[in-house]
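In our numbering, the protein residues as written are 122 to 458.
Right, dumping it as structure tokens:
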């Protein structure tokens, strides 16, 4: 049963039976509140920048999950993976980079369970208003902020290399998005490599783009789940259902509702609605947000990223990323997507 059909039935008395068929942990339509039922499941999920996944589910009328989802906000996917490692999150959504560092000690307590293909726009190196720097090559000897162990770290390194510079040719400063933005605006940084709302805000304050990660990054964003979730049939099924709902929600937005959802985005990111709509349309045109089960190509893509960080020296030893990926959610996702 597709989630599109599920949405059409959401107001009918039959919806609990539909969910019981979709979610294998449901024990029956008349016993949904009993132990092991959807009502007993709580998923703690992370979001970066703002709670866009929660918002798009609500916009598409798909937030009525039979289980509870508690969304927590972080400045980056790296912080989400740290929370997973600490037992504070069940599900994290990040770029390919944070799981690499979260698993680098050889004792990860999570697995990558799904791939969200998404836009790589708003991943930029920006300079402040009035800066004389016009290119990545012009950063030699400059103070450059970046968000460590994230896409910003990766695409800054790649852009420097393409410009004929080494990492040591710049004074690289690891900073969180908000701190980096403040430093850029305060004049203590010559450039800042970041993403998402921090880039949007930087442009609102007059920053210019001198480099983009759009064609450097793969566009693979990874859903990681704690091992304890994968070991619990009820939580595992709920995780697959939640990820599939997000896929359907984005399809709902693309079905002629970009202008309406842009109003939601604008309210959260404090930008004009017209700009939010233009950005949303451009992002979905570049690479529509879609969810996919784990496959060999996605694993190989992250392995390439891990190898770059080994080359950079950020990883002290080579890492085999396949060790923290699993296809255990594939069957459930394929049924729901």
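Backbone N, C-alpha and C fix where the C-beta goes; we use that ideal spot for every residue, glycine too.
Apart from the 5 residues on each side of it in sequence, residue 299 sits with its Cβ closer than 8 Å to the Cβ of 196, 319 in its chain, given in chain order.
Per DSSP, the continuous beta strand (DSSP E) segment holding residue 333 begins and ends at 329-333.
By the criterion of a C-beta distance shorter than 6 Å, residue 283 is surrounded by no residue of its chain, once the five residues flanking it on both sides are discounted. In this structure, 297 is the residue among 260, 365, 248, 297 with its C-alpha nearest to the C-alpha of residue 269. Of all alpha-carbon atoms in 336, 307, 230, the one lying nearest the alpha-carbon of residue 408 is that of 336.
If you ignore the 5 residues before and after residue 424, its C-beta comes within less than 6 Å of the C-beta of 442, all in its own chain and listed in chain order. Assigned with DSSP and collapsed to three states, residue 262 falls in coil, not helix or strand.
Contact check for residue 422 against residue 205 fails: the beta carbons are separated by 9 Å or more. With respect to the 9 Å criterion, residue 342 and residue 215 are classified as neighbours on the basis of their beta carbons. Taking a C-beta distance under 9 Å as the contact criterion, residue 426 and residue 247 do not qualify as a contact pair. Distance from the CA atom of residue 326 to the CA atom of residue 193, rounded to whole angstroms, is 27 Å. Taken atom to atom, the span from the alpha-carbon of residue 395 to that of residue 434 is near 42 Å. Residue 372 is a Cβ neighbour of residue 411, given a cutoff of 9 Å.
Distances from the CA of residue 430 to each of 249, 271, 333 were compared; the closest alpha carbon is that of 271.
By the neighbour-count criterion, in which 16 or more other beta carbons inside 10 Å mark a residue as buried, residue 255 falls on the exposed side.
Residue environment analysis places residue 174 among the buried positions, since at least 16 neighbouring C-beta atoms fall within 10 angstroms of its C-beta. Closest by C-alpha distance to residue 309, out of 369, 265, 236, 168, is 265. Non-local C-beta neighbours of residue 398 in its own chain, meaning closer than 7 Å and more than five positions away in sequence, comprise 379, 380, 383, ordered along the chain. DSSP, reduced to helix, strand and coil, places residue 296 outside both helices and strands of the structure shown, so it counts as coil.
The alpha-carbon separation between residue 369 and residue 332 amounts to approximately 33 Å. Here the C-alpha atom of residue 352 lies approximately 47 Å from the C-alpha atom of residue 329.
Here the C-alpha atom of residue 366 lies approximately 21 Å from the C-alpha atom of residue 406. Residue 172 and residue 445 have their C-alpha atoms spaced approximately 26 Å apart. Sequence-distant partners of residue 377 (beyond 5 residues in either direction) whose C-beta falls short of 7 Å from its own C-beta are missing from its chain. Rounded to whole angstroms, the separation of the alpha carbons of residue 307 and residue 252 is 13 Å. With fewer than 16 other Cβ atoms inside 10 Å of its own Cβ, residue 391 counts as exposed. A Cβ-Cβ distance of about 41 Å is found for the pair residue 357 and residue 281, leaving them out of contact under the 8 Å criterion. Here residue 324 carries a helix assignment [DSSP, helix/strand/coil].
By alpha-carbon distance to residue 389, the top candidate from 177, 338, 167 is 177. Annotation for residue 237: the continuous beta strand (DSSP E) segment containing it runs 231-238. Shown here for residue 279: same chain residues with a beta carbon closer than 7 Å to its own, the five before and five after excluded, namely 337 in chain order. For residue 189, the number of other beta carbons within 10 angstroms of its own is below 16, and it is reported as exposed.
Residue 313 and residue 227 have their C-alpha atoms spaced approximately 31 Å apart.
Counting the other Cβ atoms within 10 Å of the Cβ of residue 437 gives fewer than 16, which makes it exposed.
Closest option to residue 238, judged by alpha-carbon separation, among 439, 440, 404: 404.
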